[in-house]
Amino acid sequence: MELEGVEIDDTFAEAFPIKVARVLITAVNEKWAMEAAKEVTGFGTSVIMCPAEAGVDGVVPPKETPDGRPGVYVMFCTFGYKALDAQLLARIGQCVFTSPTAAVFNALPAEETEKEFNIGFKLKFFGDGYEKEDKIGGKAVWKVPIMGGEFVVETNLGAREGVAGGNFFIFAKDRDTALKAAETAVDAIRSVPSTITPFPGGVVASGSKIGSKKYKFMHATTNERFCPTLKDQVEDTAIPANVNGVFEIVINGVSEDSVKAAMATGIKAAVKVPGVVKITAGNFGGTLGKYQFQLKDVLGL
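Written as structure tokens, this is what we have:
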């Protein structure tokens, strides 16, 4: 199979269920909304060691936010609702509450919500009795007095089961070309709502495999089959002779459809970069997760 003259591997990306919360952060301007968004989603690349996978979902114009201010959507992903509740409280309490002019609203529609966490109710106790209930844009909120004015937070934040680990690999003639294609893919994926690319800049440099061949205490180690520097040492390498640069894009979303759309958008953007040789995907034969995104189906080939 080919797309724009680039080989598309006949394989699938293997993804798994995860619990997802989608939150809107607003502020006096886009700069401060994004500052809060970056801070609250930090240390959120992979649940291999991070307490949550997290990332920026998109920028929102003032006309689409409850308080009429610029906003940024962010998403948080954990394996269980208890962990998600704890991460929301800690991250919003420490990273958004402390950010100038920031406010927090739920961003999951009621019909998609499976679980609610009373994050706003818990954070209001910081007001030491001076906090007050209110409504903004039809949403029940708490207003907590702080030095910067008032911190506004919606009483309840919603969550649902989503999908984590949608992915594709970009094989290119060299590292710089692969990175340019990966950046192009991530930029395109930003247009797909309800998805995040949680790794640094949206790009994975250190693709892993489950477990280890040598170190039994390791839960995950380098995926040597996808390391260009090892292609002459690994018998079953996946790297063709003309490939010297590989990067992976990992996508989480609130649904299978959103992840599939993001994969398609990213791949279609990446293959337009000259020097990209092949697109493939990561899977573990169906042992990791129940979702299988066949590249030919994702791209309609």
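Residue numbering for the sequence shown follows numbering that gives the first Met the number 0, beginning at 0 and increasing consecutively.
Ideal placement from N, C-alpha and C gives every residue a C-beta, glycine not left out.
For clarity, every value in this text was computed on a predicted model and none was experimentally measured.
- Annotation: D175 to V242 spans about 12 Å, alpha carbon to alpha carbon.
- With distances taken between CA atoms, E153 lies nearest to D133 out of D133, I169 and D84.
- According to DSSP, F150 shares a beta bridge with V143.
- Ranking E223, Q86 and P199 by CA distance to the CA of G210 puts E223 first.
- Rounded to whole angstroms, the Cβ separation of I195 and A181 is 15 Å, and the two are not in contact under 8 Å.
- Using a Cβ distance threshold of 8 Å, F167 and V202 do not count as a contacting pair.
- Distance from the Cα of T44 is smallest, within the candidate group I250, D256, G274 and T25, for I250.
- By the Cβ-count criterion, Q86 is buried, with 16 or more other Cβ atoms from all chains shown falling within 10 Å of its own Cβ.
- Contact between R189 and G41 does not hold, since their C-beta atoms are separated by about 18 Å, which reaches or exceeds 8 Å.
- Following the DSSP letters along the chain, one finds G119 inside the alpha helix (DSSP H) bounded by residues I118 to L122.
- Apart from sequence neighbours up to five positions away, the residues of its chain that approach R68 with a beta-carbon distance below 6 Å are T25 and P61, ordered along the chain.
- For L83, the secondary structure class from DSSP, reduced to helix, strand or coil, is helix.
- For T264, the secondary structure class from DSSP, reduced to helix, strand or coil, is helix.
- K114 and R21 have their alpha carbons spaced roughly 12 Å apart.
- 8 Å or more divides the Cβ of V253 from the Cβ of G126.
- If one requires a minimum length of 3 residues, the beta strand (DSSP E) runs lying completely within the stretch 187-256 are 207-209, 219-221 and 244-252, in chain order.
- Using a C-beta cut-off of 8 Å, the stretch 277-294 makes no contact with the stretch 140-158, since fewer than three inter-stretch Cβ pairs fall below that distance.
- Annotated three-state conformation of I91 is helix, per DSSP.
- Scanning its chain for C-beta atoms nearer than 6 Å, with the 5 sequence neighbours on each side dropped, one finds around F150 the residues F96 and V143, in chain order.
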